[in-house]
């Protein structure tokens, strides 16, 4: 269904987009809301700490009693207790706040004769607890879960869950997968896993990749680095073990800096670990930049000479689409992917010609050094395939999102 053709039949449809991300800072959820604005009704439901907002569905969560520990400087203790006290996560405080109001609003829509769809986004996964309750209230409501990455397959998240909760978590995840009318993930590898491992009907799972907006695309960078230093950019958090090992990357760049003019520039790290670990480095080749809006982050990425992706050789690393990949594709700078050879990220980088895949950790230093020195010499070449990259633009993926959101 094309967006243009569908507009004529959307007046009797209502859409709720629910995310646990603070102030609705979820690119995929916001994109769905843009499409939902063509519906008869569209509401964007998200947590906020703002006193007032134009959106009546921007809702303040229940107060977290553990915040007292953070005020006292005991942040780690607050986080540990939060994992035990709140299932599946502290985001459940928002879901409990919004649940009754959401269910009542859905009931009114149905009474008015509207066809209702609800998109629940994950991660965070607390919103997934709503699947069963919505389907019990009204089986006719189309419930869609945008999983992106599964809990159970992502070691970075699953292993944080206290052991006694893990069986319950897996049961809830499986139940939500089966009860949802449609499950969305980011690529065909992940889709096949859901069908095979979780025994879902193929028509209940669709792959829709992360996207970039046309306004974010930066003209392809050409020429030799102007600073005399090969600047390697990285967007987001580099310390997310076991999936992303910032300690290994810092060690790698410390060694590279012994014989090459190179810097590693981190944009928007929120863990605080990068600041602490960089002080341990001999050559101090790490540069830290504050978190900035995505459009500005892409513009900053476009000033780099290379962009870094890294994933450890784990089962989950082979089936995910890195969330930062669209930003990298839009920035128009060669990507260096330190990722498993047999992975979706490696396939994407090769198929788009967007950069280089270095899959053997034992050869990272040697192979990355060659790429860096070619950048410094102005001789780096790669075959960027614009048509393939264009497939991840919003203008290409919006129709697939609309088909997912609209009930049959």
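In our numbering, the protein residues as written are 73 to 480. In this text, a Cβ means the ideal position worked out from N, Cα and C, and glycines have one as well. Please read these numbers as outputs of a predicted model, since none were measured by experiment.
Spatially closest choice to residue i from the options, by CA coordinates
i           : options            : result
residue 331 : 343, 274, 438      : 438
residue 346 : 267, 366, 458, 322 : 322
residue 182 : 211, 205, 477, 271 : 211
residue 376 : 396, 336, 411, 256 : 336
residue 342 : 93, 165, 361, 188  : 361
residue 444 : 426, 391, 303      : 303
residue 354 : 173, 374, 324      : 324
residue 272 : 255, 356, 470, 186 : 255
residue 257 : 241, 242, 240, 275 : 275
residue 351 : 319, 455, 300, 381 : 319
residue 119 : 267, 358, 171      : 171
residue 265 : 224, 241, 299      : 224
residue 135 : 367, 145, 162, 401 : 162
residue 381 : 372, 371, 426, 367 : 426
residue 84  : 123, 423, 90, 111  : 111
Residue i versus residue j - alpha carbon distance
i           : j           : result
residue 502 : residue 449 : The chain is shown only over 73 to 480; residue 502 falls outside these bounds and no answer can be derived.
residue 461 : residue 229 : 30 Å
residue 206 : residue 178 : 9 Å
residue 385 : residue 315 : 8 Å
residue 363 : residue 459 : 31 Å
residue 92  : residue 260 : 25 Å
residue 478 : residue 249 : 19 Å
residue 86  : residue 394 : 31 Å
residue 218 : residue 97  : 15 Å
residue 290 : residue 374 : 7 Å
residue 169 : residue 216 : 21 Å
residue 473 : residue 94  : 23 Å
residue 196 : residue 312 : 15 Å
residue 245 : residue 334 : 44 Å
residue 159 : residue 198 : 8 Å
residue 174 : residue 147 : 32 Å
residue 104 : residue 356 : 42 Å
residue 440 : residue 430 : 8 Å
residue 213 : residue 392 : 29 Å
residue 100 : residue 164 : 21 Å
residue 139 : residue 233 : 20 Å
residue 301 : residue 157 : 49 Å
residue 475 : residue 287 : 24 Å
residue 401 : residue 456 : 10 Å
residue 413 : residue 454 : 18 Å
residue 240 : residue 406 : 43 Å
residue 144 : residue 154 : 16 Å
residue 296 : residue 130 : Its pLDDT being 47, under 50, residue 296 is placed unreliably by the model, and the measurement read from it follows with that caveat. Taking the straight line from one Cα to the other gives about 47 Å.
residue 512 : residue 125 : Coverage of the chain is limited to positions 73 through 480, which leaves residue 512 absent and any answer about it impossible.
residue 387 : residue 432 : 16 Å
For residue i: DSSP bridge partner residues
i           : result
residue 303 : 335
residue 220 : 257
residue 361 : 339
residue 453 : In DSSP, residue 453 forms no bridge with anything.
residue 119 : 131
residue 378 : 304
residue 113 : 86
residue 193 : 218
Beta-carbon separation (whole angstroms), residue i vs residue j, contact threshold 8 Å
i           : j           : result
residue 220 : residue 194 : 6 Å
residue 447 : residue 428 : Actually they do not touch by this definition, with Cβ atoms about 11 Å apart.
residue 340 : residue 369 : 6 Å
residue 200 : residue 88  : Not confirmed; about 14 Å, so no contact.
residue 133 : residue 166 : 4 Å
residue 268 : residue 279 : Not quite, the Cβ-Cβ distance comes to about 14 Å (not below 8 Å), so this is no contact.
residue 383 : residue 389 : 4 Å
residue 307 : residue 399 : 6 Å
residue 106 : residue 202 : In fact, because the Cβ distance is near 22 Å, the residues do not count as touching under 8 Å.
Residue i beta carbon near the ligand ATP (any heavy atom closer than 7 Å)
i           : result
residue 356 : The ligand ATP is absent from the structure shown, which contains no ligand whatsoever.
Cβ contact (3+ pairs, closer than 8 Å) linking the region 411 to 420 and the region 328 to 345: no
Inter-stretch contact (C-beta, 8 Å, three-pair minimum) for the region 465 to 475 and the region 275 to 288: yes
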